[in-house]
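This report concerns only the one structure given below.
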Amino acid sequence: MSALKNLRGRVAWVFEEDDYDIDLIVGVRNIKITDLQELAGLVLADQAPGFAATVQRGDLLVGGRNFGYGHPHYPAMRAMRHLGIAGVVAESFSPGFFRGEISMGFPLVTCPGILAAARRGDLLEVDWAAQQVQLPALDRSLPIEPLGAAERGTLEAGGLIPYLKARLARATAPTGAPHD
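Position 140 of the sequence shown, counted from 1, bears residue number 140 in my numbering, the numbering being contiguous throughout.
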């Protein structure tokens with residue numbers, strides 16, 4: 001497994017409200033769309049028409065408390081990943097959303113105080129080793145909550161399936177075959 005790669009990107013959007021229902025990103029009426037290109041074009045269309053065209057690969061989202069509240073549907077974040085969003089930094093996450101996105105290998109960073117500190121367009125840097133989010137323009141950093149070993153391993157492996165396959169391979173590998 002490789003080390004967890006630090007994140008560095010602009011804040012593409014700030015979800016200011018607590019308990020943000022993730023389905024609102026593409027609109028509840030659109031969550032059954034399976035074409036990623038079509039779905040990506042609908043991202044935040046109700047809040048900011050043309051938003052999808054403003055996203056750059058590596059951009060980050062910022063959210064409030066209990067971000068991802070509601071049913072853990074995947075289309076909204078699949079569309080965000082398709083646009084190039086590299087992760088979400090939020091005050092806290094809904095447990096179902098957190099487990100689901102981490103299992104997809106998508107970085108979620110719990111950072112109390114981020115909502116008051118970051119604005120759309122700001123540069124954010126997530127330094128996993130230092131366990132902080134840096135806001136270079138403000139010459140400020142905020143501590144992040146550390147990931148558990150399984151969460152970190154899942155992200156490092158690129159998702160739950162590769163993580164479990166690697167664990168299984170290690171568990172079934174011979175430890176010391178006798179020499180002939």
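The C-beta atom is built at its ideal place from N, Cα and C for all residues, glycine as well.
Fill in: L61 versus T172 - alpha carbon distance
Cα to Cα, L61 sits roughly 39 Å from T172.
Worksheet item: To which residues of the same chain is P112 closer than 7 Å at the C-beta, ignoring the five residues directly before and after it?
Response: Around P112: E91.
Worksheet item: Short check: CB of L7 to CB of L124, under 9 Å?
Response: With a cutoff of 9 Å on beta-carbon distance, L7 and L124 are scored as near each other.
Worksheet entry | P143, DSSP secondary structure in three states | Of the three classes helix, strand and coil, the one that applies to P143 here is strand, per DSSP.
Discussion item. Assuming F198 is part of the alpha helix (DSSP H), what are its boundary residues?
Written reply: The shown model of the chain, from 1 to 180, leaves out residue 198, and the question about it has no answer.
Practice prompt. Entirely within the segment 18-106 and at least 3 residues each: give me those beta strand (DSSP E) ranges in chain order.
Written response: Listed in chain order, they are 60-63 and 87-90.
Fill in: 9 Å Cβ cutoff met for P146 and G105
Note that the C-beta distance between P146 and G105 is not below 9 Å.
Item to complete: Tell me where the beta strand (DSSP E) around E125 begins and ends.
Response: Its beta strand (DSSP E) spans residues L123 to D127.
Worksheet item: Which of the three DSSP states, helix, strand or coil, is assigned to A130?
Response: Looking at A130 - three-state DSSP - the assignment turns out to be coil, as it is neither helix nor strand.
Discussion item. Tell me which residue opens and which closes the alpha helix (DSSP H) that A157 is part of.
Written reply: First-last of the alpha helix (DSSP H) with A157: A149 to A157.
Discussion item. Just to confirm the assignment, what range does the alpha helix (DSSP H) spanning A169 have?
Written reply: Element bounds for A169: L160 to T172.
Practice prompt. With DSSP collapsed to three states, give me the class of A3.
Written response: DSSP places A3 in coil when its eight states are reduced to three.
Discussion item. Per DSSP, what are the beta-bridge partners of T110 in this structure?
Written reply: Residue pairing from DSSP places T110 in a beta bridge opposite A90.
Item to complete: Compute the Euclidean distance between the alpha carbons of R29 and A76, then round it to the nearest angstrom.
Response: Straight-line Cα distance between these residues: approximately 12 Å.
Item to complete: With DSSP collapsed to three states, give me the class of V11.
Response: V11 falls in the strand class under three-state DSSP.
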